[in-house]
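As structure tokens, the structure follows; a few thoughts come after it.
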Amino acid sequence: MTAQAGSPSVDEAPPELQKRFEDTIARDQRIEPRDWMPDGYRKTLVRQVAQHAHSEIIGMQPEGEWITRAPSLRRKAILFAKVQDEAGHGLYLYSAAETLGVDRADLTERLLEGRQKYSSIFNYPTRNFADVGVIGWFVDGAAICNQVPLCRSSYGPYARAMVRICKEESFHQRQGYELLMTMMRGTDAQRAMVQDAVDRWWWPSLMMFGPPDDDSPNSARSMAWKIKRHSNDELRQRFVDMTVPQAEKLGVTLPDPDLRWNEDRGRYDFGTPDWSELKRVITGDGPCNEERMARRRAAHEEGAWVREAAAAHAAKQAARTQNGAVA
Ligand SMILES: [Fe+2]
Ligand SMILES: [Fe+2]
């Protein structure tokens, strides 16, 4: 990325390149890795895609804790597959980030040093098996609201990664809802577990969409570049509108006394999340921040031998190919 002496830096790119970038965005076409793009666009994407990738990987932890404690072999197999899907999403997204000229190892380093973030939602604990269902229903549901519009994001590799990821998230949401439906048809104790999990996860799930629009300085620029298609508040509203009828069908109460249908707007009104809580969790003071990062750091250190072995194998293969080519 460093400009050679005498050659223009990226910000001083010839006007025709800047124009081509702007036209591509205006025509709703995709920017591809080979295309010129403004530095700010690249940096915004690296931040967003890396944060998304980190969230998928850290997001394996709260549910992963329940794999050994799943109540049946069937539930264990489902949960295993779901958590594994999230690992796949993370790898996909790190690859998408690498098309922007960054290195996955470097992004991991930035996460471990606390210079990059992951979604606030994964800093909350999972207390009982109903949490697995509620995470699928709320958290994967919120992910879908966020990510379906990203399938039309202006950056090609990110948009294309989202298509497959969204299909899997939709499957995750349904498995969560199906688990809760089964528990609601069970005993009083099981129904109480579901309601308890709903009470704990509802507000943190609404916070997943980020701060309100008037307190979200980067949003407008991301929307102008069509990296992001809808504002935080709009996405939050969509999530509420989608989820309330599902809660009614399930037979649980969402813990918001201000939640009611607004005939004029044709949407649900709802209360205000505790934004000071979101700030606390984002800045590292959530219930599980330390635990999540400690686990991630340990996994990274314990995995060093795997990375070394893979690199050694790749080097051997490359040498063999080269020798073959020479012969
Ligand atoms: Fe995911
Ligand atoms: Fe998911």
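Mind the numbering: the sequence shown is residues 1 to 327 in UniProt numbering, read in order. All C-beta atoms in this analysis are idealised placements derived from N, C-alpha and C, irrespective of residue type, glycine included. Bear in mind that the values here come from a model prediction, so they are computed numbers and not experimental data.
Taking just the CA atoms, how far does A304 sit from L259? Here residue 259 is taken as the residue at index 259 of the sequence shown, counted from 1. Here residue 304 is taken as the residue at index 304 of the sequence shown, counted from 1. The alpha-carbon of L259 is positioned some 49 Å away from that of A304.
How do the region 128 to 140 and the region 169 to 186 stand: do at least 3 beta-carbon pairs fall below 8 Å, yes or no? A contact exists between the region 128 to 140 and the region 169 to 186.
With DSSP run on the structure shown, which of helix, strand or coil describes N128? For the purposes of this step, residue 128 is taken as residue 128 along the sequence shown, with counting starting at 1. Coil.
Among M37, A77, A105, M60, which one has its Cα closest to the Cα of G88? Working through the sequence shown from its first residue, we reach residue 88 at position 88. The shortest Cα separation from G88 among M37, A77, A105, M60 belongs to M60.
A159: CB within 7 Å of a non-hydrogen atom of ligand 1: Stepping through the sequence shown from its first residue, residue 159 is reached at position 159. Checking every heavy atom of ligand 1 against the Cβ of A159, none is found closer than 7 Å.
To test your reading of the DSSP string, which unbroken alpha helix (DSSP H) runs of 4 or more residues are found completely within the region 26 to 96? Secondary structure within the region 26 to 96: the alpha helix (DSSP H) runs of 4 or more consecutive residues, fully enclosed, are 39 to 58, 60 to 64 (chain order).
By DSSP, does D269 sit in helix, in strand, or in coil? Your numbering for residue 269 matches position 269 in the sequence shown. Correct three-state label for D269: strand.
Between V134 and W201, which are expected to be in contact by the criterion C-beta below 8 Å, what is the C-beta distance as a whole number of angstroms? Reading the sequence shown from its first residue, position 134 is the one you call residue 134. Reading the sequence shown from its first residue, position 201 is the one you call residue 201. With 8 Å as the limit, V134 and W201 qualify as a contact, their Cβ atoms being about 5 Å apart.
Alpha helix (DSSP H) segment containing R221, residue limits: For the purposes of this step, residue 221 is taken as residue 221 along the sequence shown, with counting starting at 1. It spans 219 to 224 - the alpha helix (DSSP H) in which R221 sits, taken as one unbroken run.
Extent of the continuous beta strand (DSSP E) to which N123 belongs: Working through the sequence shown from its first residue, we reach residue 123 at position 123. From DSSP, N123 is part of no beta strand (DSSP E); its letter is neither H nor E.
Judging by CA-CA distance, which residue of S72, I67, G90 is the nearest neighbour of residue 361? Lying outside 1 to 327, the shown extent of the chain, residue 361 is not represented and no answer is given.
Skipping 5 residues on each side, what residues in its chain have a beta carbon closer than 6 Å to that of P8? Against the sequence shown, residue 8 aligns to sequence position 8. Its pLDDT being 45, under 50, P8 is placed unreliably by the model, and nothing is read from it.
Bridge partners - residue 328, DSSP secondary structure assignment: Summary: the structure shown does not reach residue 328, with the chain confined to residues 1 through 327, and so no result is reported for it.
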